[in-house]
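A short worksheet on the structure shown next.
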Amino acid sequence: MTARPAGGTAKDGGRQGRAARSLWGLLWRRFLDHHLAVASGVLLIVLAALAMAAPLIEAASGIDAKTVDLFNRFQGPSLGHPLGTDELGRDLFLRLLYGGQVSLFVGFVAALVSAVIGTVIGLWAGYYGGRLDAVLMRLTDGVISLPLLPLLIVLAAVDLNKLGLPAALIEDENISLYRIIVIIALVGWTTVARLVRGAALTVREREFVLAATAQGASGFRIMFVHILPNVVSPIIVATTLSVGSVILLESILSFLGLGIQPPIPSWGNMLTNAQELIWTAPELAFYPGMGIFITVIAFNFLGDGLQDALDPRATGR
Amino acid sequence: MSRFVLVRLMESMIVLLIMSFVIYALVGLMPGDPIDLMINSDPKLTPADAARLREFYGIDKPLTERYLAWLIAVLGGDFGNSRLHARPVLDVMGPFLVNSVNLMVLSFVLSLAIALPAGIYAALNPHSRTDHAINLLCFAGISIPVFWLALMLIITFSVILGVLPASGVATVGGGGFLDRAMHLILPTVTLTVFSVGHYTRFVRASMMETLRQDFIRTARAKGAGRTRVVLRHALRNALIPVVTIIALSFGTLFSGALITETMFAYPGMGKMIYDSIMGSDYNLALIGLLFATLLTLLANIGADIAYAWLDPRISYKQGGASS
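Here's what the structure looks like:
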């Protein structure tokens, strides 16, 4: 929570600054009242820490997550393998952690990129208004109204060679990771754009913006220095909520074979193999989905709690 | 009003036209082209033959030229043939569309039948234990990965219990009403879970908002009973934004249907689009995507009209200044 309220810095110094701090203190306390959101935040931190510690856990346990061991397929839970092994005899728990690493990474990065695109477009439309606003908002409405998943599937199926991208990039082993972030960001910026535009429309009428304009501040400076800090709370809420939906989208695309490609594990593509094995090893399908479910619901609770704390008037949708 | 509808229809047609170009270009960027597929099926074709075929079918021409040729053919009613089904795409699409409509309408009605009472009850008893429980369930429904839910349902009811079929619309050779109904149960439940959480939250939020309004207090003050206030005064007004939001979320429902149909091998529009993209069936993919876009745009217009129709305060006479 590095976001700071507007105005505290330049305008009237210390007094405003102190008031601002206590405002954020108030918000923090209001957030703590939202027990589910706090619990979700803690859970997400633990999950992220576990996922990032996967190589350490791997080293400590002496099991290699990539080693195929066909003599020990479909093992039940044991001391060596807390969740058992998969169809190639790999340790399920470690694979889950590595999959979580990828899913969380994609969720965070794609949500952040979407938020940046949405913020720029929203500020632009809200600050300049007029025809530019009309065009940008029509574009936003257009993208929102499209059937998202079929379009994402087409975007994911596009042949990168035909786009004329450099071969070195296409051959890169992480290309499926970059690609899914790009296509999700391409369609994911709309919510933030709308919220920021709405907030910017009201903020730009405030006196301090007028003051800045009178002092000759450029449009760029007014947008990013004066308006942006005042529209931070809807951005935070929308981005938190969108991490959850990005993880859902990533998982379904990976599951369909269009997202993260093996050998990189993700919760989505782990379920692809599990689907073929539901008659022999139904339990393999349980854990990755549970991982997605818990992570997404935690992000939604967190976003909901942040919304209640930052904007108590909004009745959460 | 009719002028407003006309303007919105025109706008949507323009959006559809733009989208048709975008989709055409994207489908063209998918791996391979129709000639590659011919080469695969006939190894005797030489590269020179392939080049001549490309010229013959106009595949070597620039994108805009190909798009215009396609557009003219489509406007003339020629949507081309489906590669996977070897029939004109419109004939292919019909049955898929009917199946999709069945599934989507069924789960839509079911979702509303759950969301309306649940949302109203939660709004009337905010912060009660039931409200919290409903809220939790909503979050669970919103957060659950649909394809995983489908997988879990298949494992529970088809693999372990063996009481419900896991895929298709009917048993091969069979096809009585009961048999078809049994095949619809799991897909309908899946799609309902996908949408009901959102709907319930819309209803609850809108109802809460309406109950805070002055006219509700007036109604109470003049002595109207609780039921009358809720049903006659609050619900009618609370439903206006709900109808709009639900109509606007048609695209989302369609995305959910795509996943559901794919998981249950249920031959609907969503599965058809997915299969045609995966099977390089360019004509079918194009029409499927365009049709889905058209339906979404129409649902959006429907949302606007419903909004104006339900709320007499809103007038679109001046030509749709709001949005």
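First to last, the sequence lines map onto chains A and B. Once you know that position 16 of the first sequence is 299 in the working numbering, the rest is easy, because the numbers rise by one and skip nothing. Once you know that position 289 of the second sequence is 1213 in the working numbering, the rest is easy, because the numbers rise by one and skip nothing. Ideal placement from N, C-alpha and C gives every residue a C-beta, glycine not left out.
Does residue i come out as helix, strand or coil in the three-state DSSP assignment?
i: B:Pro1012; result: strand
i: A:Asn556; result: helix
i: A:Asn253; result: This structure cannot speak to residue 253 of chain A, because chain A is shown only from 284 to 600.
i: A:Asp374; result: strand
i: A:Thr368; result: strand
i: B:Asn964; result: helix
i: A:Asn444; result: coil
i: B:Asn1049; result: coil
Could you work out which residue in the options is closest to residue i when comparing CA atoms only?
i: B:Asp957; options: A:Pro517, A:Gly588, A:Val441; result: A:Val441
i: A:Val475; options: A:Val492, A:Trp407, A:Arg504, A:Ala450; result: A:Trp407
i: A:Asn552; options: A:Trp562, A:Ala564, A:Ala568, A:Thr563; result: A:Ala568
i: B:Thr1168; options: A:Phe388, A:Asp347, A:Ser428, A:Asp316; result: A:Ser428
i: A:Leu435; options: A:Leu531, A:Ala451, A:Pro545, A:Ala450; result: A:Leu531
i: B:Met1187; options: B:Gly1147, B:Leu1088, B:Pro1089, B:Leu1075; result: B:Leu1075
i: A:Ser386; options: A:Ile535, A:Leu319, A:Ala592; result: A:Ile535
i: B:Pro986; options: B:Lys968, B:Ala949, B:Leu1213; result: B:Ala949
i: B:Tyr1231; options: B:Ser1082, B:Pro1165, B:Cys1062; result: B:Pro1165
i: A:Leu327; options: A:Phe584, A:Asp591, A:Gln590; result: A:Phe584
i: B:Ser944; options: B:Ala1216, B:Ala1189, B:Ala1223; result: B:Ala1216
i: B:Gly1212; options: B:His1009, B:Arg1125, B:Leu1021, B:Arg1150; result: B:Leu1021
i: A:Leu469; options: A:Gly401, A:Ser528, A:Val486; result: A:Gly401
i: B:Val1113; options: B:Ser1031, B:Asp1199, B:Gly1065; result: B:Ser1031
i: B:Arg1156; options: B:Ile1044, B:Ile959, B:Trp1233, B:Leu1014; result: B:Ile1044
i: A:Glu490; options: A:Tyr461, A:His509, A:Ala581; result: A:His509
i: A:Arg421; options: A:Ile404, A:Leu432, A:Leu431, A:Pro433; result: A:Ile404
i: A:Ala439; options: A:Ile543, A:Ala483, A:Glu559, A:Thr423; result: A:Ile543
i: B:Phe1126; options: B:Ser1035, B:Phe1071, B:His1051; result: B:Ser1035
i: A:Gly588; options: A:Tyr461, A:Leu315, A:Pro433; result: A:Leu315
Of all Cβ atoms in chain A, is any one closer than 8 Å to the Cβ of residue i?
i: B:Gly1243; result: Unreliable placement is indicated for B:Gly1243, whose pLDDT of 44 sits below 50; no coordinate value is reported for it.
i: B:Gly1203; result: no
i: B:Thr1114; result: no
i: B:Val939; result: yes
i: B:Ser1067; result: yes
i: B:Ser1246; result: With a pLDDT of 42 at B:Ser1246, under the threshold of 50, the modelled position of that residue is not reliable, and the figure given next carries that caveat. Not one chain A Cβ lies under 8 Å of B:Ser1246.
i: B:Met1106; result: no
i: B:Trp1072; result: yes
i: B:Phe1032; result: no
i: B:Trp1233; result: no
i: B:Phe1178; result: yes
i: B:Met1076; result: yes
i: B:Ala1064; result: yes
i: B:Leu1159; result: no
i: B:Ile1170; result: no
i: B:Tyr1123; result: no
If you measure from the beta carbon of residue i to each beta carbon in chain B, is any gap under 8 Å?
i: A:Phe388; result: no
i: A:Val579; result: yes
i: A:Asp591; result: no
i: A:Leu398; result: For clarity, residue 398 of chain A is Ala in the given sequence; the question names Leu instead. Closer than 8 Å: no.
i: A:Ser534; result: yes
i: A:Val426; result: no
i: A:Asp442; result: yes
i: A:Leu511; result: no
i: A:Ile436; result: yes
i: A:Pro517; result: no
i: A:Pro433; result: yes
i: A:Leu429; result: yes
So residue i and residue j are in contact, right, with Cβ under 8 Å, and what is the actual spacing, rounded?
i: B:Ser936; j: B:Leu1221; result: 4 Å
i: B:Leu1077; j: B:Ala1181; result: With 8 Å as the limit, B:Leu1077 and B:Ala1181 do not qualify as a contact, their Cβ atoms being about 16 Å apart.
i: A:Pro571; j: A:Gly382; result: 6 Å
i: A:Val579; j: B:Ser1067; result: 4 Å
i: B:Arg932; j: B:Ile1225; result: 5 Å
i: B:Leu1208; j: B:Met1196; result: 7 Å
i: B:Ala1189; j: B:Ser1091; result: 4 Å
i: A:Ala332; j: A:Gln384; result: Contact flag wrong, Cβ pair sits at about 11 Å.
Regarding residue i and the ligand COA, is the C-beta to nearest heavy atom distance less than 7 Å?
i: B:Ala1064; result: Absence of the ligand COA from the depicted structure is noted, as is the absence of any ligand whatsoever, leaving it without description.
Residues of the segment 545-568 of chain A whose Cβ lies closer than 7 Å to any Cβ of chain B, in chain order:
Correct list: Leu554, Gln558, Ile561, Trp562, Pro565, Ala568.
Going along the segment 444-459 of chain A in order, which residues come within less than 7 Å of chain B, judged by CB to CB distance?
Flagged, chain order: Lys445, Leu446.
Pull out every residue of the segment 1079-1094 of chain B whose Cβ sits closer than 7 Å to any Cβ of chain A, in chain order.
Within the segment 1079-1094 of chain B, the qualifying residues are Ile1079, Val1083.
Contact set between the segment 1041-1055 of chain B and chain A, restricted to residues whose Cβ is under 7 Å from the partner
From the segment 1041-1055 of chain B, no residue has a Cβ closer than 7 Å to chain A.
Which residues, taken in chain order from the segment 1200-1227 of chain B, show a beta carbon closer than 7 Å to some beta carbon of chain A?
Residues of the segment 1200-1227 of chain B with a C-beta less than 7 Å from any C-beta of chain A: Ile1201, Leu1213, Ala1216, Thr1217, Thr1220, Leu1221, Asn1224, listed in chain order.
Anything in the segment 983-1015 of chain B with a Cβ closer than 7 Å to a Cβ of chain A? List those residues in chain order, please.
So the list is empty, because no residue satisfies the distance condition.
Residues in the segment 948-973 of chain B with C-beta within 9 Å of chain A's C-beta atoms, listed in sequence order?
Result list: Leu950, Val951, Gly952, Leu953, Met954, Pro955, Gly956.
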